[in-house]
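**Q** The numbering of the sequence shown is our numbering, which starts it at 451 and goes up by one.
Have a look at this one before I ask anything.
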Amino acid sequence: MTSTPRAIRLTVLTGLVALLAACGTGSGDPQRQSLLRAIGLRQPAPDEFLVVERKPLEMPPALNELPPPDPGGVNRVDPQPRAEVNALLRGAGTRVDQAAPSPGEQALLARIGADAADPAIRSTLGQEDARLQAQRGRYAIRSLFGRQTYDPYADQVLDPYAELERLRAAGVPTPAAPPPPPPPDRSRLF
Numbered sequence: 451m452t453s454t455p456r457a458i459r460l461t462v463l464t465g466l467v468a469l470l471a472a473c474g475t476g477s478g479d480p481q482r483q484s485l486l487r488a489i490g491l492r493q494p495a496p497d498e499f500l501v502v503e504r505k506p507l508e509m510p511p512a513l514n515e516l517p518p519p520d521p522g523g524v525n526r527v528d529p530q531p532r533a534e535v536n537a538l539l540r541g542a543g544t545r546v547d548q549a550a551p552s553p554g555e556q557a558l559l560a561r562i563g564a565d566a567a568d569p570a571i572r573s574t575l576g577q578e579d580a581r582l583q584a585q586r587g588r589y590a591i592r593s594l595f596g597r598q599t600y601d602p603y604a605d606q607v608l609d610p611y612a613e614l615e616r617l618r619a620a621g622v623p624t625p626a627a628p629p630p631p632p633p634p635d636r637s638r639l640f
């Protein structure tokens with residue numbers, strides 16, 4: 451009779467260890483990583499375009515001119531970082547200390563027609579997206595297990611291998627492409 455509770459405890463402990471091992475990093479298996487992201491246990495890496503750049507450090511002419519350290523005080527190089535970030539994220543302005551573009555940048559911007567860009571493009575796109583969301587309905591599923599189901603650009607994504615073949619057929623010199631990824635294994639549940 452004493453061996454049965456011990457066997458149950460051992461079984462439960464083994465199950466807990468297996469469950470804990472399943473929650474590991476799983477860096478080697480991309481399918482496992484996508485499953486963990488799909489159920490919300492792993493977050494994607496931050497978007498590199500949303501990372502705020504810092505201004506370069508400056509060295510005073512003499513070190514005795516430095517002010518005493520002030521933890522939590524104002525940074526001499528970047529006195530208003532929050533105001534600059536808020537202005538950039540809201541699209542309400544330009545960079546605080548933006549330098550004039552060089553002649554090369556001006557030529558590039560003129561060549562691509564940047565001066566003809568619509569200044570109200572953000573609000574136009576926002577209105578179009580709101581109209582599209584209204585057409586999809588109030589109860590449309592926009593997220594499932596932490597993964598967004600709404601992708602307005604899904605039909606605009608290029609197939610890199612088809613595009614490579616199209617460019618090669620047109621005579622455009624292209625670098626060697628890696629082999630296409632294997633098709634997903636549909637026989638497994640996850």
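Quick reminder that beta carbons are idealized off the backbone N, C-alpha and C, glycines included.
1) According to DSSP, is residue 571 part of a helix, a strand, or is it coil?
2) To the nearest angstrom, how far is the alpha carbon of residue 570 from that of residue 560?
3) Give me the residue from 459, 492, 467 with the minimum Cα distance to residue 595.
4) Taking DSSP as the reference, what is the three-state secondary structure of residue 609?
5) Could you check how far apart the C-beta atoms of residue 632 and residue 611 are, in whole angstroms? I think they sit under 8 Å.
6) Less than 8 Å separating the beta-carbons of residue 602 and residue 579?
7) According to DSSP, is residue 578 part of a helix, a strand, or is it coil?
8) Output the distance between the C-alpha atoms of residue 462 and residue 489, rounded to the nearest integer angstrom.
**A** Quick look at the numbers:
1) Reading the sequence shown from its first residue, position 121 is the one you call residue 571. Note: residue 571 maps to helix in three-state DSSP.
2) By one-based count along the sequence shown, residue 570 stands at place 120. By one-based count along the sequence shown, residue 560 stands at place 110. Using only the alpha carbons, I get a separation of about 19 Å.
3) Within the sequence shown, residue 595 is the residue found at index 145, counting from 1. Closest by alpha carbon: 492.
4) For the purposes of this step, residue 609 is taken as residue 159 along the sequence shown, with counting starting at 1. The three-state reading of DSSP puts residue 609 in coil, since its state is none of H, G, I, E or B.
5) Here the question's residue 632 lines up with position 182 in the sequence shown. Here the question's residue 611 lines up with position 161 in the sequence shown. The Cβ separation is near 13 Å, so there is no contact.
6) By 1-based counting over the sequence shown, the position of residue 602 is 152. By 1-based counting over the sequence shown, the position of residue 579 is 129. Against a cut-off of 8 Å, the Cβ pair of residue 579 and residue 602 comes out as a contact.
7) By one-based count along the sequence shown, residue 578 stands at place 128. The answer is helix: DSSP assigns residue 578 an H, G or I state.
8) Residue 462 sits at position 12 when you count from the first residue of the sequence shown. Residue 489 sits at position 39 when you count from the first residue of the sequence shown. Looking at the two C-alpha atoms, the distance is approximately 24 Å.
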